[in-house]
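In what follows, a structure is listed as structure tokens, so that the remarks can point back to it.
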Amino acid sequence: LTCAAVREGNDKEFALEAGALVLADKGICCIDEFGCIRNEDRTTIHEAMEQQTLSVAKAGIVCKLNCRATVIAVMNPRDCIYDDQASLSTNTGLGTPLLSRFDLIFKLVDSSDAERDSNVTTYLLNRAIQGTGFDCAPGKTAVGENTPWSMEKLRAYISVVKDKFQPAISSAAALLLENHYEKVRSSQSFVIPVTVRFLESLIRLTQAHARLMYRNEALLEDAIAVLRVMECSAYAYGFDGNVSNIDDFMYRDPMSMDTSELSPDEDFVVFEYKILNRYGMLDYMSAERRKQACDILEGADNDVQDPPSHGGPGWHGVEDVRDVQQDHYGRSYFSPAPGSHSKRRRF
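Counting from 1 along the sequence shown, just add 546 to a position and that's the residue number in my numbering.
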């Protein structure tokens, strides 16, 4: 993972052999089974993720190597079973100093869901039998406005914007990030302590979103998009709901978060209204977008007939009508009530 001192041939002199972090300098380092790394590497990776350097003192060789890489790590919980009653640090076996160095943390629980299981098996079998007996998408699709980019085009675009832009944070975006950082710092509902690293993560992600949008200034909408992702990431931190106004917090499970595929712009304008209203910054939102958000929320409230009765985190105006059913394995699962798909909208 870091580097090793090896002998070259029959000589007695040692040479350094670069590991994954050093080889991924100015790139991406993907680490599987992150919880199984050695204790020595855990100590070293603290410096690599904080200062993006690697100090080496092996076999008489003392130097410092660059490892300016983005780290994407995945792991399974301890004993392969995630305990919802335990903290994230307990489930992963990683200390909070190491967890706090990640900008985003997502908890993906493989729970029993008949509909999702059916989609997964259909997709895998669809690929395995090359479309025989299934309605597969054709290999070549017409190029249109909604046609997804190819991997080659996406790589080329990211390579261009990564080197071309060094966005500066606008005053409105900085104010929103500051208000969010102060509010999260004042909350005692997180297992992982919120430090300055959290603010640095907000700044990095906001600048990254500005690059993705092909501009050299991070605007307010870039900060709003980042906060929406951070709200999903905060769900994995162990949010316990111990706040004065539960509707003011929009922590959502990314595995069950339902957004509109047909109108993502409407979803975004609703979240923009909610997050700016939370921090008293509605003046930074145009009157047209405020009216659009209010109309959407008013329409969602009119569709709600049975509001949720549970005490978990949720948004105002969200309908959560579900039936308990059993799949073909005899496992219980929750599914939307029949006929509710056409009327229900979630934001």
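The beta carbon of each residue, even a glycine, is placed where N, CA and C say it ideally should be.
Valine 617 - containing beta strand (DSSP E), residue span: 616 to 619
Length of the line joining the Cα atoms of serine 514 and serine 809: Shown here, the chain extends from 547 to 893; a query on residue 514 therefore has no answer.
Three-state class that DSSP yields for alanine 551 in the structure shown: The answer is strand: DSSP assigns alanine 551 an E or B state.
Residue nearest to glutamate 593 in terms of C-alpha spacing, selected from Cys576, Cys613, Gly606 and Asn585: Of the listed residues, the one whose Cα sits closest to glutamate 593 is Cys613.
Contact belief for methionine 595 with arginine 553 at Cβ below 8 Å, rounded distance in angstroms: Not quite, the Cβ-Cβ distance comes to about 30 Å (not below 8 Å), so this is no contact.
Three-state secondary structure assigned by DSSP to cysteine 609: strand
Lysine 604, DSSP secondary structure in three states: strand
Environment of aspartate 656 [buried if 16+ CB atoms lie within 10 Å]: exposed
Assigned exposure category for glycine 858 - 16 Cβ within 10 Å defines buried: Annotation note: pLDDT 41 at glycine 858 (below 50); position unreliable, coordinate value reported separately. When all chains shown are included, glycine 858 counts as exposed.
Local conformation of phenylalanine 560 per DSSP, three classes: strand
Between the CA atoms of glutamine 597 and leucine 745 - distance to the nearest angstrom: 16 Å
DSSP three-state assignment for alanine 566, whether helix, strand or coil: helix
Neighbour-count burial assignment, valine 568, 16 or more Cβ in a 10 Å radius: buried
8 Å Cβ cutoff, glutamate 563 in contact with chain C: Going by chain labels, chain C is absent from the structure shown, which holds only one protein chain.
Paired residues, beta bridge with threonine 668 - DSSP: Looking at the DSSP output, threonine 668 bridges to nothing.
Alanine 769, DSSP secondary structure in three states: helix
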